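J.: Handing you this structure, nothing more for now.
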Amino acid sequence: MNEPLRRVALTFDDNFNPLSRSALSATDFTCRAMAVWPARTPIPVIFIPGIMGSNLVSKKDKPAWSPPNGIPEAVGELASRIGQKPKTRQTILNPKDATVWNRTESLDLGSNYPALDDAEAGRRYWGEVWESGYVPFLRILEDRLNYPFEDLSGKNPDAPKREKAWDEAIAGDQPHPWTPITGFEALTEGEFASRFGKVYFPVFACGYNWLKSNEESSDLVVKRVDEIIARIAKSCYFKKPEKVILVTHSMGGLVARRAAQKLGDKVLGVVHGVMPTEGAPVTYRRFKAGTEASWDGIGGWLKNLGAAKVLGWDAADITCVMANAPGPLELLPTKRYPPGWLKVTDGKKTIELPEAGGNPYSDIYGKSTKECWWGMVDPELIDPAKLLKTTTKVTAHKLFLQNLKQAEDFHDAISGYCHGQTYAHYGDDPKQPSFVSVTWRTNGDLSGFTSEAVLAAQRGDVDLLGPTEARIGETSVRFKLDGKDGPGDGTVPAPSAHAVADLSGIRTVFRLQGLKLEHSDSYKNSTVHNTVLYAIGKIAQQLPLNSDGTTG
0 MNEPLRRVAL TFDDNFNPLS RSALSATDFT CRAMAVWPAR TPIPVIFIPG IMGSNLVSKK
60 DKPAWSPPNG IPEAVGELAS RIGQKPKTRQ TILNPKDATV WNRTESLDLG SNYPALDDAE
120 AGRRYWGEVW ESGYVPFLRI LEDRLNYPFE DLSGKNPDAP KREKAWDEAI AGDQPHPWTP
180 ITGFEALTEG EFASRFGKVY FPVFACGYNW LKSNEESSDL VVKRVDEIIA RIAKSCYFKK
240 PEKVILVTHS MGGLVARRAA QKLGDKVLGV VHGVMPTEGA PVTYRRFKAG TEASWDGIGG
300 WLKNLGAAKV LGWDAADITC VMANAPGPLE LLPTKRYPPG WLKVTDGKKT IELPEAGGNP
360 YSDIYGKSTK ECWWGMVDPE LIDPAKLLKT TTKVTAHKLF LQNLKQAEDF HDAISGYCHG
420 QTYAHYGDDP KQPSFVSVTW RTNGDLSGFT SEAVLAAQRG DVDLLGPTEA RIGETSVRFK
480 LDGKDGPGDG TVPAPSAHAV ADLSGIRTVF RLQGLKLEHS DSYKNSTVHN TVLYAIGKIA
540 QQLPLNSDGT TG
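Sequential numbering from 0 applies to the sequence shown in numbering that gives the first Met the number 0.
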């Protein structure tokens with residue numbers, strides 16, 4: 000038959016049975032409806048977003064956090080934050096009150112997207128994650144993983160031609176500009192043909208309450224995996240899935256590493272994107288100065304100013320949320336981050352913390368501003384809404400220390416670990432500077448003081464945007480914070496991102512350079528898309544298939 004074909008949209012019922020619908024037409028309308036159904040052997044792909052990449056709602060069903068989609072929402076979010084007092088921020092972003100929000104009303108895949116419809120995207124939890132930052136990537140995954148051939152009509156089943164979008168993922172031994180820094184094996188044409196078109200990779204999402212500990216969030220991932228497997232198992236069309244693949248962004252990688260430990264052989268493999276493997280010094284800095292608004296041209300600077308106002312303008316805005324939330328604290332540099340990242344200097348004499356073999360949790364993070372001028376947390380800024388007085392008998396700072404202990408315990412639980420089939424990519428670009436270290440600098444002279452005296456000095460006058468007075472004996476010394484000092488992706492410094500290559504179980508790591516890869520928007524980059532397609536292709540080889548595409 001040579002009649003023209005039109006592809007009709009695919010959807011699924013509650014039991015994950017595929018459905019396609021088309022209306023009857025007049026006999027002289029010769030364009031035939033074509034329903035394209037996927038292969039019957041499923042390997043679910045579950046995307047886990049970064050911090051602040053999940054929609055949250057309060058117990059009163061009011062939005063607690065929703066990353067803005069597009070300019071109108073961004074302007075609205077900025078307007079709601081301008082003039083917002085710390086006590087209001089603390090009340091809204093309360094870990095105990097917030098839950099994940101599946102914001103299905105924001106999903107609009109469009110009538111020209113036949114792989115699945117808005118309703119099924121909602122059932123796959125796509126509405127839990129940042130729509131404009133992540134959903135376009137989820138669409139790409141769903142389409143390219145499951146419909147990788149140019150001709151979907153089945154007219155040439157023996158020699159289907161793959162889509163050009165796969166060309167870079169099957170690029171040979173040294174794909175440019177991926178820069179593999181660990182062992183690399185190309186995805187071959189044979190490997191591609193052995194899985195794609197024979198396996199269905201349904202794409203799901205798993206948002207989480209990023210204010211809570213990633214330990215709790217990993218339990219949510221475990222539960223989500225079981226829910227997904229149980230839903231697909233009800234299908235009359237698909238086989239029950241045996242394994243899942245986890246794809247992560249940023250802090251979602253920490254969540255996934257812990258979840259993989261708990262899930263065991265239910266995880267076939269993991270793909271990490273721009274993961275802060277060993278934390279980020281900027282987390283300490285924000286406790287002292289709020290969110291940085293870095294210069295990136297006038298347009299970029301104005302955008303960064305708006306982002307800083309939304310995320311936390313000064314130390315008061317940051318502390319009232321992050322000191323009460325274990326999740327953000329788990330972005331602090333771990334014991335494995337290179338020592339000496341916190342510096343105090345006059346340009347000649349430099350003091351560095353933590354020392355090699357030191358403990359940053361007690362040596363840096365647990366220090367309050369009442370103990371020393373550079374202490375991370377000001378106890379007076381922790382509970383402006385006076386919420387803790389009604390829920391706990393301990394002081395605000397003691398509650399912070401309990402949260403900090405959760406962060407340390409979580410870091411210890413995943414220390415050195417990743418799943419045995421892990422692939423990763425990260426940005427290492429001088430044009431995307433990051434805080435490799437945090438430096439307190441003075442124009443004064445520290446040569447007359449011992450390092451111990453400088454570090455033990457009490458705090459004098461302070462600006463919540465960073466500048467701080469240290470009283471060293473009878474001498475007053477003013478310190479300011481330096482700006483970004485090393486390559487990365489604008490948020491995660493290269494040393495932390497690179498550390499994924501040192502984890503046990505790692506397969507291949509791609510060091511992406513020259514792309515000006517920006518942290519929050521990394522999954523909008525086509526090279527990143529291709530590294531993920533490659534990684535999923537390699538991971539899929541670990542599931543044995545019969546010649547007819549079935550398992551077992």
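All C-beta atoms, glycine included, are put in the ideal place defined by N, C-alpha and C.
Since this is a predicted model, take the numbers as computed values, not measurements.
1) Report the three-state DSSP secondary structure of tryptophan 300 (helix, strand or coil).
2) With respect to the alpha helix (DSSP H) encompassing alanine 168, which residues constitute its N-terminal and C-terminal limits?
3) Could you check which residue in Pro494, Ala500, Phe409, Gly374 has the C-alpha nearest to that of glycine 459?
4) Measuring only the C-alpha atoms, how far is phenylalanine 191 from proline 147?
5) Taking tyrosine 416 as part of the beta strand (DSSP E), name the residues at either end of that continuous run.
6) Apart from the five residues just before and just after tryptophan 64, which ones in its own chain have a Cβ nearer than 6 Å to its Cβ?
7) Please name the residue in Ser131, Glu76, Thr26 whose C-alpha comes closest to that of lysine 523.
8) Starting from serine 79, follow the alpha helix (DSSP H) in both directions and report where the run begins and ends.
9) Contact criterion: CB-CB distance below 8 Å. Does arginine 80 meet it with respect to chain D?
10) Go ahead and pull the three-state DSSP assignment for valine 246.
11) Is the Cβ-Cβ distance between isoleucine 505 and alanine 423 less than 8 Å?
12) Please report the straight-line C-alpha distance between glycine 365 and leucine 341, rounded to a whole angstrom.
13) If you scan the stretch 9–38 from start to end, which runs of the alpha helix (DSSP H) of 4 or more residues do you find wholly inside it?
14) Can you tell me which of the three DSSP states alanine 204 falls into?
15) Report the rounded CA-to-CA distance for threonine 87 versus proline 383, giving the unit in angstroms.
16) Measure from the alpha carbon of glutamate 167 to the alpha carbon of each residue in Ile538, Gln540, Arg20, His528, then state which is nearest.
17) Within 10 angstroms of the Cβ of threonine 552, are there 16 or more other Cβ atoms? Answer buried if so, exposed if not.
18) Does the structure place the stretch 106–126 close enough to the stretch 4–18 that three or more beta carbon pairs sit under 8 Å?
19) Which residues share a DSSP beta bridge with glutamate 468?
20) Can you give me the Cβ contacts of glycine 311 inside the same chain, cut-off strictly under 6 Å, excluding the 5 residues immediately before and after it?
21) Looking at serine 436: is its Cβ nearer than 8 Å to the Cβ of proline 280?
22) Express the C-alpha separation of isoleucine 413 and glycine 346 in angstroms, rounding to a whole number.
23) Please report how far the alpha carbon of tryptophan 300 lies from the alpha carbon of glutamate 72, in whole angstroms.
24) With H, G and I counted as helix, E and B as strand and the rest as coil, what does DSSP make of leucine 219?
25) Answer yes or no: do valine 508 and proline 179 have a C-beta to C-beta separation smaller than 8 Å?
26) For phenylalanine 448, which of helix, strand or coil comes out of DSSP?
27) Strictly by DSSP, which residues pair up with glutamate 351?
28) Might you give, ordered along the chain, the residues of its own chain that have their beta carbon closer than 7 Å to the beta carbon of glutamine 541, omitting 5 neighbours on each side?
29) With a threshold of 6 Å on Cβ separation, who are the neighbours of tyrosine 425 within its own chain once the five nearest residues in sequence on each side are excluded?
30) Can you look up tryptophan 64 in the DSSP assignment and give me helix, strand or coil?
31) So the candidates are Lys430, Phe478, Gly49; which of them puts its Cα closest to the Cα of serine 216?
32) Using 8 Å as the threshold, is the C-beta distance between tryptophan 97 and leucine 210 below it?
33) Taking only three categories from DSSP, how would you classify tyrosine 364?
34) Throw me the rounded Cβ distance for the leucine 387 and leucine 398 pair, which I believe falls under 8 Å.
35) If you run the structure through DSSP and keep just helix, strand and coil, what is histidine 528?
T.: Taking the structure as given:
1) The pLDDT assigned to tryptophan 300 is 46, lower than 50, so where the model puts this residue is not dependable; a value taken from the coordinates is nonetheless given after this. DSSP places tryptophan 300 in helix when its eight states are reduced to three.
2) Premise fails: alanine 168 is in no alpha helix (DSSP H) and is neither H nor E.
3) Gly374
4) 10 Å
5) 416–426 is the span of the beta strand (DSSP E), which, as asked, contains tyrosine 416.
6) Leu55
7) Closest by C-alpha distance to lysine 523, out of Ser131, Glu76, Thr26, is Ser131.
8) Per DSSP, serine 79 belongs to the alpha helix (DSSP H) from 69–80.
9) The structure shown has no chain D; it contains just one protein chain.
10) Reduced to three states, the DSSP call for valine 246 is strand.
11) In this structure, alanine 423 lies closer than 8 Å to isoleucine 505 by Cβ.
12) 14 Å
13) none
14) strand
15) 9 Å
16) His528
17) The structure shown has nothing for residue 552, since the chain only spans 0 to 551.
18) Output reads yes: the stretch 106–126 touches the stretch 4–18.
19) Arg477
20) Gly289, Thr290, Ile317
21) yes
22) Approximately 37 Å between the Cα atoms of the pair.
23) Only weak support exists for where tryptophan 300 lies, its pLDDT of 46 falling under 50; the value from the coordinates is given anyway. Tryptophan 300 and glutamate 72 have their alpha carbons spaced roughly 19 Å apart.
24) helix
25) yes
26) Looking at phenylalanine 448 - three-state DSSP - the assignment turns out to be coil, as it is neither helix nor strand.
27) Looking at the DSSP assignment, glutamate 351 forms a beta bridge with Lys342.
28) Leu267, Gly268, Gln420
29) Taken in chain order, the residues that qualify are Val273, Ala496.
30) Looking at tryptophan 64 - three-state DSSP - the assignment turns out to be strand.
31) Gly49
32) Checking the sequence shown, residue 97 turns out to be alanine, not tryptophan. A contact, by the Cβ cut-off of 8 Å.
33) helix
34) 6 Å
35) helix
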